[in-house]
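Residue numbering for the sequence shown follows full-length UniProt numbering, starting at 1 and increasing by one per position.
Where is the CB? At the ideal position from N, CA and C, for every residue including glycine.
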Amino acid sequence: MTPPDRRALRDAFGGFMTGVTVVTTREPDGSALGFTANSFSSVSLEPPMLLVCSGRSLSSHDVFATCAHFAVSVLAEGQEDVSNVFASFKGDRFARIAHAPDANGIPVIDGAVAKFSCRRVRSIPGGDHTILLGEVTGFTHSDGLGLGYARGRYFSLGLERAAVFADSTRRIVAAALIEQDGHVLLEEGQGGLRPPQFEFEAQGNLRAAMEARLAGSVILGSAYSIFDDRQTNTHYTCFLAQATQGCALAGRLVPIDDLAGLTFETPAIAALCTRFALEYGTRDFTLYVGDEASGDRHEISKEP
């Protein structure tokens, strides 16, 4: 039997939307350890049990596999920075992130939507990972929304919902930045270029509607910009997208490096495309939420 292609299999696994957690414990000398994981699941209510997976390549793997206690902090939306620190920062991770000890003395992350204190019951070999099975000895939780992760990107239910139900007093426009081999697809608008866009009813599900309009041509990604353009009285949502092999959409493929020098339909769309060109090189994409003049940017691209 031919083994599956590892990259393709990882992409397939990545289609499952998960939350993001930080798993923590202490070394025998008391030093705190932690790593980011999205391979987390509840197991049982009686007795209360959960599991999380630790990669065997982690330098802290052996400590987690043999520890007496560990904790799991389920990150809240807006805690992408916490996830990134525990995924890749090589220095003192706990010096950068607010935390407090649980009843077992294990650090848990401030602001997490749920925190589980666990007694390690068993460590189960699972290929290139080890499954940590824990009995929940205590927990806290809040009504906040958790940070999501799918297909290599973070997402936030709170922010994504802003793209689903828009203000009915304005034109509702949804667009897609469709990338293909270092180029992006643009169409002619009124007075300049713009990403392919469609107009929808005020209370429609924009993601589902865009997927229906673009079916067979693109793979729709995360929301990239959600803003109100007061100059055109438009609520505008733009998604990241990847062209499929059979993409048949009309338009003009433009090198992404050339975007900053083009003329666009509105200043807001020009700013959106210029930001995309800057972020494309590193894939450090951010979700912009605001209006045509100012707003907040939220990181959506780094892997945990």
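At least 7 Å separates the beta-carbon of residue 193 from that of residue 253. Between the alpha carbons of residue 264 and residue 270 lies a gap of roughly 5 Å. Contact between the segment 277-295 and the segment 74-84 is absent: fewer than 3 CB-CB pairs across the two stretches fall below 8 Å. Secondary structure note for residue 14: its alpha helix (DSSP H) is the uninterrupted segment 6-14. With 16 or more other Cβ atoms from the protein chains shown falling within 10 Å of its own Cβ, residue 179 counts as buried. In this structure, the alpha-carbon of residue 54 lies about 6 Å from that of residue 131. By the Cβ criterion, the segment 269-285 is not in contact with the segment 212-219, since fewer than three pairs of Cβ atoms, one from each stretch, lie closer than 8 Å. Along the segment 174-236, the beta strand (DSSP E) occurs as fully enclosed runs of 3 or more residues at 183-188, 197-200, 218-229, listed in sequence order. Contiguous alpha helix (DSSP H) elements confined to the UniProt domain "Flavin reductase like" (13-156) occur at 61-66, 80-88, 93-96, taking only those with 4 or more residues.
In the three-state reduction of the DSSP assignment, residue 268 falls in the helix class.
Judged by their CB atoms, residue 176 and residue 241 are nearer to each other than the 7 Å cut-off. Collapsing the DSSP output to three states places residue 239 in a strand.
Put simply, of 104, 273, 244, 249 the residue whose alpha carbon is nearest the alpha carbon of residue 258 is 273. In this structure, residue 106 places its C-beta atom within 7 Å of the C-beta atom of residue 71. The continuous beta strand (DSSP E) containing residue 255 extends over residues 252-255. Note on residue 103: under 16 other CB atoms within 10 angstroms of its CB, so exposed under the neighbour-count rule. Beta-bridge annotation (DSSP): residue 287 is paired with 298.
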